[in-house]
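Remarks on the structure that follows.
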Amino acid sequence: CKGAYGGQMSGTCLANLPSPPTQSPTGSGGLSVFYPNYEAGSWQVGTCIDTRPLPSGRPSYSTQESCCSGAYGGQRDHACMCDAVGVCYSCSCGSASERLAATC
C-alpha cells in the first residue's frame, strides 16, 4: 500500500489488508492474565500461559496458579502446577535430581 498508494488519505488500501494495522497498537510482552493453552495437546499436559493475544472466549485468571487450579485442577501428574510453581510442587514434577538440585 505504501509503495502504490503512499499519499492515499482515506486509508482504504490499508483497511483492505487481511490483517490491517490499527490505531491502537498491541502491547508487547505478556498479558496481565493467564489462560489455559488448549493448543498444547492433551488436557493431561496442558499449562497456562500469558501470551498475546488472549483468544476470544477463553477464561482468564489473575495468576498462573489460579489458572492451573481452575482449568487443570484434576491433572494426575500436575503438569500445569509443575510449570507454574516449579519442580518442588510435587514428586511428579521433574526428576529426582532436579528436585534435589532445587532443594525441595
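Just so it is clear: in the sequence shown, position 37 is 39 by our numbering, and no numbers are missing.
Don't be surprised by glycine CBs; every beta carbon is placed ideally from N, CA and C.
Residue i, DSSP secondary structure in three states
| i | result |
| --- | --- |
| Y119 | Nothing can be reported for residue 119: it is not among the residues displayed for the chain, which extend from 3 to 106. |
N- and C-terminal bounds of the alpha helix (DSSP H) containing residue i
| i | result |
| --- | --- |
| T14 | 14-17 |
| G5 | 4-7 |
Sequence-distant residues of the same chain with beta carbon closer than 8 Å to residue i, five excluded per side
| i | result |
| --- | --- |
| L19 | C3 |
Residues of its chain near residue i, where Cβ-Cβ distance is below 6 Å and the 5 sequence neighbours each way are ignored
| i | result |
| --- | --- |
| Y74 | G48, C82 |
| D79 | S94 |
In chain order, each alpha helix (DSSP H) run of at least 4 residues that lies wholly inside the stretch 41-100 = 66-74, 81-87
The stretch 7-18 in contact with the stretch 32-48 per 3-pair CB rule at 8 Å = no
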